[in-house]
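Worksheet: the structure to be examined is printed underneath.
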Ligand SMILES: Cc1ncc(C[n+]2csc(CCOP(=O)(O)OP(=O)(O)O)c2C)c(N)n1
Ligand SMILES: Cc1ncc(C[n+]2csc(CCOP(=O)(O)OP(=O)(O)O)c2C)c(N)n1
Ligand SMILES: [Mg+2]
Ligand SMILES: [Mg+2]
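Protein chains in written order, with my numbering: chain G, 6 to 328; chain E, 6 to 328; chain W, 1029 to 1357; chain Z, 1029 to 1357.
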């Protein structure tokens, strides 16, 4: 076990897998210089310019080239720098990567990992802060990974690189500096298994990605008030750990889903709808979501604070839920 | 009142508005030839090549040029030909059109209408059949219009062209030939008002776009069995007529949301989650969704049939709901 | 290719490939008209010299990407018409188990990485395949087929710049039939043309008469060799003519009849037939090739029409390994 | 411009504009370092001649689009530094009510249609503005500012082709500082360069020394006139150097110190200062201009730092008219 920051954990995971498998290569802007976040620091020296490729600002082609290389047997890590830029590569992602295995009747499995650091971060405003992970849960053909800790980032990235499915990996920008303990070697963490962060009977709280530490803080505050809840970090939203959530809800009868993304039509809606579907409305006394209002992310700290999920909002929401 | 097909109704709506407002212009591939579906037939002759612009195959730029023209006061109809191609223009749509009014503090309201014929149609396979309208309900800054009849298409398109908000208009490809009666002049239909298609107490069924006639058929079959349900066509999914749905659910206690799109994380999840949130789980005996499985759209008629919502599936789902 | 006997054999091969492509597409058109084939169908009648002349220069481990008008590319690369036809029919024995149809035919076993329903969609994929091959130190190359309509989409610029930058083993082929859907290409394309665009992006480029299969073959043979030698990407601008409409149901009535008639006189199959006749191949020989092609495709049609539909559960396969939705009926 | 008095006034104006841009950005850098300005900040120190030399040729009803490094463009187009600074500070009196920040400054009242956080994002928007202006039979034009990094994104090709095709009144300005983020532009850009790319797309193009504001002014004046006369799009390739790093927190330590030192000798403000001195402008005059600029920006900073934050409910405004989510606290 060694204590490292989340982004260093991610670096070590990619490093381990590139050492293990010569088919793995990484492409994206500035990656040969270590990447915007240092997540590929020293890769160039070890793996050379053919496997660590700094690219032009050509997102469509970064994505499409990754795919093309996968079709001849390579396993690319496609670095998108910041999630929002993937909007420049959506045809390649949505119409090609997510469809090819199916459209071609299984002739190819494009084993790509698309890394898309996402979320609010340092007042970056509307074009550098989006959280649209819910979109990809709705998109057949892809895995959607949304880790929140150094441990999970490392283990899930190893799993992603080894996966034959296309994996969309949402690095949580705002948590890159948060430390955690990782093992050596880093063991893969299976997709679709939630992590229990806290245990209690008062309510089930489900969350993922950058919201996790915020919600955890709120849950601690609640515990100090004597309110104990089950807190589940989904870690991946497709597949997601429906069984764990439903088991918890059957125990607590109350569900709150919290995410940084916009509440309307966010993945929280799916969690609620699915629980209601499977467990029946009778299993629930209340089910709510807490997310961002349906507005773009504003720049000003004074306004961004309005949009952010906070521990206080979590406390308030849970109290309302159990009232 | 005159009986015309849905696509002809759409043509007349755009025609009327282009006559009324010289700021309206249309751009897209082949539009000067009348458009892929004849929805701009004879526009070139009447309005000339400056206002009816056949473009290169440059989706990013079709979208971005529409936006740019709106920023100097024009009101473009941006024709995307088939929804799936909007994936080539997502930066312009998501990062620019949806954000500009907000990012710039209200200095501009880009009054664009983006037309995106969507849905399954004639075995067009995975890259020409997608229904991702739910994505845009999750995207702040846009209106999402999903009509199902000639009347609604006409009235909502007039409303869309007159709207100062960016409007994403999902023309229902599969219903283009279905006739309906439109008035002259075509009156605008406000966004966010559901249309009641059938009335009953047994359950509330909510749907929109190409699923509407299919569900209506199923509802007729149910009525023949003596089961009467409230059927609501949302017509627009953002804003959506929450009040009408909740009022109906309070009456029936049972909710089924049906859409052609993938069930997982589709807009049906939002409808269910919102109803549960506002009305409380206690107001419901059951709430379910019926949509496509989470798979790309296959080409073969034998397989496409598996994915499609059918009247029979609706009947089965309602019967299960009320069992 | 200096031995005249060899050369004649090569020309005959080209003739046979073009005849097979033509027969395949005429058969498919008829089947579509008869309601046997569902969905949109884009045929390349008149353009066969491009597919044939390029692909005769490729090895089986060379990869190609194609576009929405890709039957010819697939056949020329070695795909089996029988399985292609079954795919057009949406049957289980089709290349994609009926999931793709005409616009998504692929045969990875012969290096055909897929047709594509998105204009220019194959460009970055081919560039990536080339980069992958280079990473693997293979001397296989990638070939990217696209239409004149694709050169106005962003991936054209991005892909060519990228390929030149990394000196990738990729040959770009712009199959220029002068039209994109229902709009003349020159009415939506500014500047001096695709070869100048390519050169401005660092990619060597020449124009060739795409209705003369020998010219295509000659140019392709040089370009493929250069690309394989590691000299970086090349582009061939191949000028041809699409005799039929955009889709099987499009009469392309907006084109003057004389234009189409004139183009018919430049039919690449007829032209090569005349050359072969000149070189002493008997008309009966040529007829035999044509007849064989027609018979092959007629049989493909009959088989496809009789083939089994995919079982319903097949719709739920090939989605993803983890988190796939199970089929239940 | 033939009258020497006029010319001197113009040069002095250019000097003042550059001085103001420099002072604005140095002030912003200091404020960012002091923790007063949040978020990423991209300054254009060393590149001021581009903004100044281009925009002096524009009317208020001409429109510009800009990129992530757009303070200079905005100031040169006539935006008020006070409101810009307030925006950088995220205050209610900022141009965007605090919603945009440095990367999204816009001032529609002076034809500044916005900075852009997406590389090449402004290209189609400028082309569309030009098309709109043409539809309105206006003789205003659109100007599109972007970096050398943007020429490898698809919208560059699409936008130029489009503008040439429809002969739109748009001037493209490629502000080439030789670097895109942390990567040298020439290491990711193939072919002979941006002017050749433009010409291959039907757009007239020339290169100009972007550290010589007189050269930029001269080239822009001709290009703007041609565009305004309806001669179709033009492109100026303006070569310059970014003295500072990619963002305010980037030391750009990977560049050899000598390179930066050499570039400093070509500082556009110093260069024009030398020319003005030669033409008899007293050093004290120049100092006065610089001092005035510094004072203006210092005051903008003080005001911004003291300005009110936007009220929380402002976050919920300017979203959409119909279906907006109401604010409730
Ligand atoms: C991105 C995208 N835009 C539009 C279309 C619709 N479309 C299909 S084929 C076609 C014309 C393509 O022309 P070209 O590339 O010259 O190929 P050709 O049909 O002439 O063989 C168009 C516009 C598409 N498939 N993809
Ligand atoms: C589409 C997109 N990709 C990547 C980025 C991240 N990014 C911001 S600025 C920049 C470099 C841009 O270089 P250039 O256009 O030359 O402008 P400069 O910074 O040199 O002024 C990059 C890669 C972005 N903003 N948008
Ligand atoms: Mg063509
Ligand atoms: Mg630059």
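All residues carry an ideal CB built from backbone N, CA and C; glycine is no exception.
Proximal residues of chain W, C-beta to C-beta of residue i below 9 Å
| i | result |
| --- | --- |
| residue 132 of chain G | Those within 9 Å of residue 132 of chain G in chain W number zero; the least Cβ separation is about 19 Å. |
Contact belief for residue i with residue j at Cβ below 8 Å, rounded distance in angstroms
| i | j | result |
| --- | --- | --- |
| residue 236 of chain G | residue 224 of chain G | 5 Å |
| residue 20 of chain E | residue 185 of chain E | So it is not a contact: roughly 17 Å between Cβ atoms. |
| residue 209 of chain E | residue 281 of chain E | Not quite, the Cβ-Cβ distance comes to about 13 Å (not below 8 Å), so this is no contact. |
| residue 34 of chain E | residue 1209 of chain W | 6 Å |
| residue 72 of chain G | residue 1063 of chain W | Not confirmed; about 36 Å, so no contact. |
| residue 1145 of chain Z | residue 132 of chain G | 4 Å |
| residue 314 of chain E | residue 250 of chain E | With a Cβ gap of about 19 Å, residue 314 of chain E and residue 250 of chain E do not count as contacting. |
| residue 1125 of chain Z | residue 110 of chain E | 4 Å |
| residue 1181 of chain W | residue 1182 of chain Z | 7 Å |
| residue 1301 of chain Z | residue 304 of chain G | Actually they are not in contact, since the Cβ atoms of residue 1301 of chain Z and residue 304 of chain G sit about 35 Å apart, beyond 8 Å. |
| residue 1335 of chain Z | residue 1048 of chain Z | Contact doesn't hold; Cβ gap of about 20 Å is too wide. |
| residue 138 of chain E | residue 266 of chain E | 7 Å |
| residue 323 of chain E | residue 260 of chain E | Contact doesn't hold; Cβ gap of about 11 Å is too wide. |
| residue 1082 of chain W | residue 1171 of chain W | 6 Å |
DSSP bridge partner residues for residue i (one or two, in chain order)
| i | result |
| --- | --- |
| residue 1289 of chain Z | Answer is none; residue 1289 of chain Z lacks a bridge partner. |
| residue 1200 of chain W | W:1172, W:1263 |
| residue 123 of chain E | E:177 |
| residue 1235 of chain Z | Z:1265 |
| residue 243 of chain G | G:149 |
| residue 98 of chain G | None, per the DSSP bridge assignment. |
| residue 1140 of chain W | W:1092, W:1135 |
Distance cut-off 7 Å: residue i Cβ against heavy atoms of ligand 1
| i | result |
| --- | --- |
| residue 93 of chain E | yes |
| residue 90 of chain E | yes |
| residue 1074 of chain W | no |
Interface residues of chain G facing residue i [CB-CB closer than 7 Å]
| i | result |
| --- | --- |
| residue 104 of chain E | 131, 132, 301 |
| residue 1123 of chain W | 110 |
| residue 1346 of chain W | 106, 107, 110, 111 |
Any non-hydrogen atom of ligand 3 within 7 Å of residue i CB
| i | result |
| --- | --- |
| residue 35 of chain E | no |
| residue 1035 of chain W | no |
| residue 1278 of chain W | no |
Neighbouring residues, chain Z, relative to residue i (Cβ below 8 Å)
| i | result |
| --- | --- |
| residue 243 of chain E | 1351 |
| residue 159 of chain G | Near residue 159 of chain G there are no residues of chain Z at all, since even the closest Cβ is about 25 Å away, more than 8 Å. |
Chain-ordered chain W contacts of residue i [CB-CB under 7 Å]
| i | result |
| --- | --- |
| residue 312 of chain E | 1343 |
Interface partners of residue i on chain G, CB under 9 Å
| i | result |
| --- | --- |
| residue 34 of chain E | In chain order: nothing, as chain G lies at least about 15 Å away. |
Neighbour flag for residue i against chain B, beta carbons, 8 Å
| i | result |
| --- | --- |
| residue 137 of chain G | Within the model displayed, chain B is absent; protein chains G, E, W and Z are what it includes. |
beta-carbon residue i near ligand 4 non-hydrogen atom, thresh 7 Å
| i | result |
| --- | --- |
| residue 1095 of chain Z | no |
| residue 1214 of chain Z | no |
Closer than 7 Å at the beta carbon, the chain E residues around residue i
| i | result |
| --- | --- |
| residue 1190 of chain Z | 61, 63, 66, 70 |
Chain E residues whose Cβ lies nearer than 8 Å to that of residue i
| i | result |
| --- | --- |
| residue 1074 of chain Z | By Cβ distance, chain E contributes nothing, its closest Cβ being about 27 Å from residue 1074 of chain Z, past 8 Å. |
Under 7 Å from the C-beta of residue i: neighbouring residues of chain Z
| i | result |
| --- | --- |
| residue 1212 of chain W | Ordered by position in chain Z, no residue passes the 7 Å Cβ test against residue 1212 of chain W, which lies about 12 Å from the chain. |
Contact set between residue i and chain E, taken where Cβ atoms lie within less than 9 Å
| i | result |
| --- | --- |
| residue 1119 of chain Z | Per Cβ cutoff of 9 Å: no residues; residue 1119 of chain Z is ~11 Å from chain E at best. |
Within 8 Å, do at least three Cβ pairs link the stretch 1204–1221 of chain Z to the stretch 1170–1179 of chain Z?
yes
Is there contact between the stretch 85–100 of chain G and the stretch 84–96 of chain E, where contact requires at least three CB pairs shorter than 8 Å?
Touching, yes, given that three or more Cβ pairs across the two stretches are closer than 8 Å.
Quick check: the stretch 1254–1265 of chain W against the stretch 1196–1204 of chain W, are there 3 or more CB pairs under 8 Å?
Touching, per the Cβ criterion.
Touching by the beta-carbon criterion (3+ pairs, under 8 Å), the stretch 1104–1115 of chain Z and the stretch 1323–1332 of chain Z:
yes
Any contact of the stretch 1046–1053 of chain W with the stretch 1087–1103 of chain W, i.e. 3+ C-beta pairs under 8 Å?
Between the stretch 1046–1053 of chain W and the stretch 1087–1103 of chain W there are three or more inter-stretch CB-CB distances shorter than 8 Å, so the stretches are counted as touching.
Check whether the stretch 1244–1252 of chain W touches the stretch 1236–1250 of chain Z, counting contact only when three or more Cβ pairs, one atom from each stretch, lie closer than 8 Å.
no
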